[in-house]
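Here the protein sequences line up with chains A and B, keeping their order. If you use this note's numbering, the first sequence corresponds to residues 12 to 265, in order. If you use this note's numbering, the second sequence corresponds to residues 17 to 343, in order.
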Amino acid sequence: MNRNLMGIYTIWLRDVRRFWRDRPRIIGATIQPALFLFILGTGLGKGIIGAFGKDLQGDYLSFIYPGIIGMSILFTSIFSAISIVWDREIGFLKEVMVAPISRWAVAVGKAFGGSTVAVFQGCLMLFFAPFVNVHINLIMVAALIPLMFLIAFSITSLGIVAAARMHSMQGFQVIMNFLVLPMFFLSGAMFPITNLPKWMDIFVTINPLTYGVDALRGVILGMNNYSLMMDVGFIGGFGIVMIGIAMVIFGKGE
Amino acid sequence: MNIIEVVNLSKNFKTKKGAITAVKDVSFNVKRGELFGFLGPNGAGKTTTINILCTLLAPTSGKAVLNSFDVESHPNEVRQSIGLVFQDPSLDERLTAKENLEFHAMLYNVPKPVRNDRMKYMLNMVGLYDRRDDMVNTFSGGMKRRLEIARGLLHYPKVLFLDEPTLGLDPQTRSHIWEYINQLRKKEDITIFLTTHYMAEAENCDRVAIIDYGEIIAIDSPDNLKKQIGGDVISLAAEEKDKAKKAIEREYHVSVMENEGGLHFEIKNGETFLPRFIKKADFKILSISLRRPTLEDVFLKLTGRHIREESAETNIAVRMHARRLRR
């Protein structure tokens with residue numbers, strides 16, 4: 012067990028180290044949500060604000076701000092998980108797979124590595140708060156970090172499951188279009204999820220990111236569709252199931 | 017004492033066209049401290065066998081025991097006992113040489129107090145200590161391979177697997193790598209398990225197993241294997257191939273092999289035979305050569321084919337090209 016803990020730590024350390032060194036990636040992963048927030052947000056806000064009416068307390072920018080934090084965590088988590096495919100392509104995964112640690116530990120190490128990186132990226136987003144008229148105090152930050160970690164861990168685990176049997180980066184497009192973008196659009200990040208058509212409502216309800224965004228919005232703006240307990244329960248449960256599947260798939264070997 | 021024992025090992029792969037047997041009922045032992053070689057063409061089953069021994073693949077049937085641990089029931093103990101240098105690079109190019117070693121040392125539970133000394137020792141051994149803080153993506157192919165050898169030794173394995181350790185490297189680097197391997201054998205109590213399709217490399221081994229189509233067709237020391245060849249090898253090109261072949265077979269009672277390189281046969285005391293042969297020949301000889309038998313001749317005799325080093329190298333070139341395209 013001790014050996015596996017060390018393995019998890021080693022794999023985590025590598026992911027964090029590589030991320031920290033990859034400045035272009037950090038900058039890119041900060042700019043992208045900023046574009047959504049300031050350009051899309053400002054543009055849409057001007058046109059839509061009337062349609063939403065009193066559902067939106069305050070302005071549209073501050074409404075989507077927690078959603079954009081969720082998006083940043085979503086993208087960073089999936090991207091980190093997909094690096095498994097890259098590791099497989101360059102052969103490095105073999106070095107990990109023949110190491111004397113249990114293979115489930117590889118999945119867990121990756122999940123922690125991806126989550127840490129995604130939380131860091133999510134924290135960078137907090138610096139945008141003053142520009143969207145949101146006040147964040149230290150108590151809120153203390154609540155946001157564990158919450159962000161929970162969301163990141165769940166989504167990274169989902170990404171690891173998706174990447175576990177993938178042998179080339181070509182599959183990345185599939186994951187982007189069939190998993191990442193739908194999850195983002197159907198999470199309530201950009202619009203309120205009340206009064207949606209039935210078919211959309213179903214997808215929104217089963218989307219784990221919906222509960223993540225709801226929890227973030229609850230802490231930051233005090234706006235909730237569900238209780239915080241329910242949010243945390245749903246994401247946490249989803250995360251446990253996903254990391255469980257990931258551990259089983261990795262345990263079976265290549 | 018045997019460090020590796022393999023009994024009736026088989027591996028089948030399912031493909032769209034049906035099952036393929038990559039390794040067919042293979043049995044062999046490797047003695048402790050030996051330099052043991054697997055010689056065979058590409059696709060003969062060398063890498064598959066290694067992958068089973070290092071727990072990356074499960075055998076379809078049969079048994080493999082390494083350092084007295086069964087590869088299926090005790091994979092972690094087996095993994096701790098072995099070091100690996102894969103055919104394809106397996107370094108993290110975005111980390112430095114030292115970080116790659118550190119990663120390995122941590123995964124293999126090398127205690128922290130000795131970690132730095134050992135990394136320093138190994139880096140010095142492969143001549144990369146000065147480059148320890150450089151990113152691996154600035155290294156040449158030979159340097160990467162050396163770093164992989166250093167990494168494979170970091171946890172003091174009992175067996176070091178070298179899967180085509182010099183594949184795709186230039187001749188100079190190849191001989192450097194061999195210097196390290198020989199040094200290593202002198203300094204450490206280690207068994208080396210090598211796969212290669214280079215004859216010259218196989219000659220260095222204590223024992224060689226010749227493998228073809230998933231089966232071991234001969235296993236012995238290179239000298240003993242070569243004794244199967246009856247003396248020296250004569251190769252010649254003649255104007256009328258068929259006539260020459262028949263004439264030689266009739267006159268000297270030897271079997272003549274024919275391939276695109278010409279005619280080949282084995283004869284004792286080649287030096288004294290050659291002048292007599294040329295004088296007596298009633299066909300036109302275009303060229304003729306005499307040489308001591310090599311493992312290539314053994315392979316040719318046992319299988320009727322050449323190992324074809326050149327085609328293997330083309331494969332590599334194609335593979336590297338494909339890899340570049342993917343990026």
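A virtual CB, placed ideally from N, CA and C, is assigned to each residue, including glycine.
In whole angstroms, give me the CA-to-CA distance for ARG162 (chain B) and PRO35 (chain A).
Indexing the second sequence from 1 puts residue 162 (chain B) at position 146. Indexing the first sequence from 1 puts residue 35 (chain A) at position 24. So the alpha carbons of these two residues sit roughly 31 Å apart.
DSSP bridge partner residues for PHE195 (chain A) (one or two, in chain order):
Walking along the first sequence from the start, residue 195 (chain A) turns up at place 184. PHE195 (chain A) is not bridged to any residue.
Would you say LEU111 (chain B) and MET135 (chain B) are within 8 Å of each other, going by their C-beta atoms?
Taking the second sequence and counting its residues from 1, the one referred to as residue 111 (chain B) is at position 95. Taking the second sequence and counting its residues from 1, the one referred to as residue 135 (chain B) is at position 119. Taking 8 Å as the Cβ cut-off, LEU111 (chain B) and MET135 (chain B) do not qualify as a contacting pair.
Flag this pair as yes or no: are the beta carbons of MET138 (chain B) and LEU117 (chain B) separated by less than 8 Å?
Residue 138 (chain B) sits at position 122 when you count from the first residue of the second sequence. Residue 117 (chain B) sits at position 101 when you count from the first residue of the second sequence. Yes, Cβ-Cβ distance for MET138 (chain B) and LEU117 (chain B) is below 8 Å.
With 8 Å as the threshold, decide whether the Cβ of ARG11 (chain A) is near any Cβ in chain B.
Absent from the structure is residue 11 (chain A), since the part of chain A shown begins at 12 and ends at 265.
At a Cβ cut of 8 Å, what residues of the stretch 104–124 of chain B count as close to chain A, listed as they run along the chain?
ASP104, PRO105, SER106, LEU107, ASP108, GLU109, ARG110, LEU111, GLU115, PHE119, HIS120, MET122, LEU123, TYR124
Closer than 8 Å to chain B by CB, MET17 (chain A)
Here residue 17 (chain A) corresponds to residue number 6 of the first sequence, with the count starting at 1. So yes, MET17 (chain A) belongs to the interface.
Sequence-distant residues of its chain with Cβ nearer than 6 Å to ALA333 (chain B) (five each side left out):
Position 317 of the second sequence, counted from the first residue, corresponds to residue 333 (chain B). Its pLDDT being 47, under 50, ALA333 (chain B) is placed unreliably by the model, and nothing is read from it.
Interface residues of chain B around GLY54 (chain A) at Cβ under 9 Å?
On the first sequence, position 43 is the one that residue 54 (chain A) refers to. Neighbours of GLY54 (chain A) on chain B: none; closest Cβ ~36 Å, over 9 Å.
According to the neighbour-count rule (16 or more other Cβ atoms, all chains shown, within 10 Å of its Cβ), is SER77 (chain B) buried or exposed?
Mapped onto the second sequence, residue 77 (chain B) falls at position 61. SER77 (chain B) comes out exposed.
Could you work out which residues of chain B lie near ARG176 (chain A), taking near to mean beta carbons separated by less than 7 Å?
Residue numbering aside, residue 176 (chain A) sits at position 165 when the first sequence is read from its first letter. None at all; the shortest Cβ gap to chain B is about 15 Å.
Determine whether the Cβ of ARG95 (chain B) lies closer than 8 Å to any Cβ atom of chain A.
Against the second sequence, residue 95 (chain B) aligns to sequence position 79. Taking Cβ atoms only, chain A reaches closer than 8 Å to ARG95 (chain B), which makes this a yes.
May I have the straight-line CA-CA distance separating LEU2 (chain B) from GLU164 (chain B), to the nearest angstrom?
With chain B represented from 17 up to 343, any question about residue 2 (chain B) goes unanswered, as that position is not in the structure.
Close beta carbons around GLY248 (chain A), own chain, < 8 Å, minus the five adjacent residues each side
Numbered from its first residue, the first sequence carries residue 248 (chain A) at position 237. Result list for GLY248 (chain A): empty, nothing under 8 Å.
Take LEU161 (chain A) as the anchor and find which of A:ILE150, A:ALA257, A:GLY250 has the nearest alpha-carbon.
Reading the first sequence from its first residue, position 150 is the one you call residue 161 (chain A). Ranking the options by Cα distance to LEU161 (chain A), first place goes to A:GLY250.
Run the CB neighbour count on SER191 (chain B), radius 10 Å, all protein chains shown included, and call it buried at 16 or more, exposed below.
Position 175 of the second sequence, counted from the first residue, corresponds to residue 191 (chain B). Looking at its Cβ environment, which holds fewer than 16 other Cβ atoms inside 10 Å, SER191 (chain B) is exposed.
Taking only the alpha-carbon atoms, compute the straight-line gap between LEU207 (chain A) and ASN218 (chain A) and give it to the nearest angstrom.
For the purposes of this step, residue 207 (chain A) is taken as residue 196 along the first sequence, with counting starting at 1. For the purposes of this step, residue 218 (chain A) is taken as residue 207 along the first sequence, with counting starting at 1. Distance between the alpha carbons of LEU207 (chain A) and ASN218 (chain A): 14 Å.
Tell me the DSSP secondary structure of LEU51 (chain B) in three-state form.
On the second sequence, residue 51 (chain B) is found 35 positions in, with the first residue counted as 1. Here LEU51 (chain B) sits in strand by DSSP.
Looking at chain B, is there any beta carbon in it that lies within less than 8 Å of the beta carbon of MET258 (chain A)?
Within the first sequence, numbered from 1, the residue matching residue 258 (chain A) stands at position 247. Not an interface residue.
For a contact defined as C-beta to C-beta under 8 Å, what are the partners of LEU176 (chain B) on chain A?
What you label residue 176 (chain B) is simply residue 160 of the second sequence in a count that begins at 1. Neighbours of LEU176 (chain B) on chain A: none; closest Cβ ~13 Å, over 8 Å.
Quick one: residues in its chain with C-beta nearer than 7 Å to the C-beta of ALA226 (chain A), no 5 flanking neighbours on either side, listed in chain order?
Translated into the one-based positions of the first sequence, residue 226 (chain A) becomes position 215. Counting only Cβ-Cβ distances below 7 Å, and skipping sequence neighbours, we find LEU158, LEU239, ASP242, VAL243.
Quick check on GLY34 (chain B) - is its C-beta less than 8 Å from some C-beta in chain A?
Counting from 1 along the second sequence, the entry for residue 34 (chain B) is found at position 18. Output row for GLY34 (chain B): interface = no.
Listing by chain order, which chain A residues have their CB less than 7 Å from the CB of PHE102 (chain B)?
Position 86 of the second sequence holds residue 102 (chain B). Under the 7 Å cutoff, chain A gives GLY102, LYS105.
Identify which residue in B:ILE36, B:MET159, B:VAL175 has its Cα closest to the Cα of GLY184 (chain B).
Along the second sequence, read from residue 1 onward, the residue named residue 184 (chain B) stands at position 168. Looking at the Cα atoms, B:MET159 is the closest of the given residues.
Taking the straight line between their C-alpha atoms, what separation do you get for THR53 (chain A) and VAL143 (chain A)?
Looking up residue 53 (chain A) in the first sequence gives position 42. Looking up residue 143 (chain A) in the first sequence gives position 132. One C-alpha to the other measures close to 10 Å.
From GLY61 (chain B) to LYS40 (chain B), what does the alpha carbon distance come to, in whole angstroms?
Indexing the second sequence from 1 puts residue 61 (chain B) at position 45. Indexing the second sequence from 1 puts residue 40 (chain B) at position 24. If you take the alpha carbons of GLY61 (chain B) and LYS40 (chain B), they lie about 9 Å apart.
Along the chain, where does the beta strand (DSSP E) that runs through GLY99 (chain B) open and close?
Position 83 of the second sequence, counted from the start, is the residue given in the question as residue 99 (chain B). Taken as a continuous stretch (DSSP letters only), the beta strand (DSSP E) holding GLY99 (chain B) covers 98–101.
Where do the N-terminal and C-terminal ends of the beta strand (DSSP E) with GLY78 (chain B) fall, by residue?
As a first step, residue 78 (chain B) must be located in the second sequence, where it is residue number 62. 77–82 is the extent of the beta strand (DSSP E) around GLY78 (chain B).
Starting from the C-beta of MET17 (chain A), find all residues in its chain whose C-beta is less than 6 Å away, skip the five residues before and the five after it, and write them out in chain order.
In the first sequence, residue 17 (chain A) corresponds to position 6, counting from 1. Closer than 6 Å at Cβ, skipping near neighbours: no residue.
How many angstroms separate the CA atom of LEU178 (chain B) from the CA atom of GLY99 (chain B)?
Numbered from 1 along the second sequence, position 162 holds the residue referred to as residue 178 (chain B). Numbered from 1 along the second sequence, position 83 holds the residue referred to as residue 99 (chain B). If you take the alpha carbons of LEU178 (chain B) and GLY99 (chain B), they lie about 9 Å apart.
Within the chosen definition, does the stretch 244–252 of chain B reach the stretch 308–321 of chain B through at least 3 CB pairs nearer than 8 Å?
yes
Could you check what DSSP says for ASP248 (chain B) in three-state terms: helix, strand or coil?
Taking the first residue of the second sequence as 1, we reach residue 248 (chain B) at position 232. ASP248 (chain B): strand per DSSP, three-state reduction.
What residues in its chain sit with their C-beta under 7 Å from that of ILE68 (chain B), if we drop five residues either side in the sequence?
Here the question's residue 68 (chain B) lines up with position 52 in the second sequence. LEU25, LYS27, PRO75, ALA80, VAL87.
Mind checking if THR87 (chain A) is an interface residue toward chain B, Cβ cutoff 8 Å exclusive?
By 1-based counting over the first sequence, the position of residue 87 (chain A) is 76. It does not: the Cβ of THR87 (chain A) has no partner Cβ on chain B nearer than 8 Å.
Helix, strand or coil at VAL142 (chain B) according to DSSP, with G and I counted as helix:
Locating residue 142 (chain B) in the second sequence gives position 126, counting from the first residue. Note: VAL142 (chain B) maps to coil in three-state DSSP.
When you check each C-beta in the stretch 55–71 of chain B against every C-beta of chain A, which residues fall closer than 7 Å?
CYS70, THR71
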